[in-house]
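Residue numbers (this note's numbering): 1177 to 1313. Single-structure report; data block below.
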Ligand code: AMP
Ligand code: ZN
């Protein structure tokens, strides 16, 4: 548990949450400022600030849980789609620095915007860039 982390406090029960799922490793609860009906936050119980320090074993268990919750949301809400969104770092829109995944059900005419402009990157050629990144893997 990290001091002053709001999501660690939710895990510890010090801050209330509308929990929809919990197991030994994860907890999922309703976002307090939902972007759409059913907007859910999924977090690992082990604190990590973001993806850059997320334990890979924890990471490997995450998607099955996200998938289970997405199916439950769809079953109950009959949403037409769902965005999985996960922000890392302030520049990427992260405001709570405990790794979390957003599950945002999507409906016709909802107010959710998930958008970037394609073909805007005109820097290093992709053959050179891919080789450089590969060296770290
Ligand atoms: P992000 O901008 O990706 O860091 O998202 C943080 C999310 O956490 C926002 O959508 C907030 O509405 C949500 N949030 C912050 N505090 C709480 C809380 N106490 N309970 C539920 N959701 C929260
Ligand atoms: Zn935390």
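For each residue, glycine too, the CB sits at the ideal point set by N, CA and C.
DSSP state of residue i mapped onto helix, strand, coil
i            : result
residue 1317 : The structure shown does not extend to residue 1317, since the chain is modelled only from 1177 through 1313, so no value can be given for it.
residue 1230 : coil
residue 1183 : helix
residue 1188 : helix
residue 1198 : strand
residue 1300 : coil
residue 1305 : helix
residue 1236 : helix
residue 1211 : coil
residue 1268 : helix
Straight-line gap, residue i to residue j (C-alpha atoms, nearest Å)
i            : j            : result
residue 1268 : residue 1293 : 15 angstroms
residue 1307 : residue 1299 : 15 angstroms
residue 1245 : residue 1255 : 13 angstroms
residue 1231 : residue 1264 : 15 angstroms
residue 1208 : residue 1311 : 41 angstroms
residue 1266 : residue 1206 : 22 angstroms
residue 1225 : residue 1273 : 5 angstroms
residue 1261 : residue 1186 : 20 angstroms
residue 1199 : residue 1188 : 13 angstroms
residue 1228 : residue 1270 : 13 angstroms
residue 1279 : residue 1309 : 29 angstroms
Inter-residue CB distance, residue i and residue j (contact presumed, cutoff 8 angstroms)
i            : j            : result
residue 1290 : residue 1259 : 5 angstroms
residue 1181 : residue 1223 : 6 angstroms
residue 1276 : residue 1238 : Contact doesn't hold; Cβ gap of about 10 angstroms is too wide.
residue 1203 : residue 1221 : 6 angstroms
Residues that residue i bridges to, as DSSP identifies them
i            : result
residue 1259 : 1280
residue 1205 : 1195 and 1217
> Would you call the region 1193–1201 and the region 1272–1289 touching, i.e. three or more CB-CB distances under 8 angstroms?
Replying inline: no
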